[in-house]
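In full-length UniProt numbering, the protein residues as written are 1 to 176. Positions of the beta carbon are idealized from the N, C-alpha and C atoms, including for glycine. The structure displayed is predicted, hence computed values, not measured ones. One structure is given here, and the rest of the page talks about it.
Dropping the structure here:
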């Protein structure tokens, strides 16, 4: 789902030998966010992030469009879990044992990302990924990069979410 390196638009060759993009850069807007997995929580648009494996039943992280306060992303993430998965507790995944030690809520980061939508609408491929998007972390100067706030789900192992870590040199800063 995410990658630490700069993004590259994938291309393929058509029947006539011409190269065309297989993905397009998607710029989020309020009108199209629901179609791409975002919910509106008090004016913030939040989505769950998968780890990129097929066995994710629940998000391993959360993404809010724009640079937001840490408290606001916690509230938005809890609302996302409630609306999308019918679960009111942000600390545990649905079905987890409540007697297990509950991890602290990780810090949110301000960073930038590029949304790549598959496939390019002018060149549909008919694969299982049609109409889906992926997020690639990018520096703010990268074409198509937009400001986002990201946070790992408290129940997800730190290694699965790949949210940028400012302490390890990622192009991000800690949310206030």
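>> Given this structure, state the Cα-to-Cα distance separating residue 77 from residue 162, to the nearest angstrom.
In response: 17 Å
> How long is the line joining the alpha carbons of residue 127 and residue 101, rounded to whole angstroms?
Replying inline: 41 Å
> Which value, in whole angstroms, describes the spacing of the CA atoms of residue 19 and residue 140?
Replying inline: 28 Å
> How would you label residue 137, buried or exposed, when you count the other beta carbons within 10 angstroms and need 16 or more for buried?
Replying inline: buried
> So the beta strand (DSSP E) residue 110 belongs to, where does it begin and stop?
Replying inline: 109-118
>> Measuring straight from C-alpha to C-alpha, what distance separates residue 73 and residue 112?
In response: 16 Å
> Looking at C-beta atoms only, is the number of pairs between the segment 37-48 and the segment 89-98 that lie closer than 8 Å three or more?
Replying inline: no
> With 16 as the cutoff for other CB atoms within 10 Å, does residue 104 come out buried or exposed?
Replying inline: exposed
> Excluding the five sequence neighbours on either side, which residues of its own chain have a C-beta within less than 8 Å of the C-beta of residue 88, listed in chain order?
Replying inline: 78, 81 and 82
> According to DSSP, what are the bridge partners of residue 88?
Replying inline: Partner(s): none; residue 88 has no beta bridge.
> Would a C-beta distance cut-off of 8 Å place residue 98 and residue 151 closer than the cut-off?
Replying inline: no
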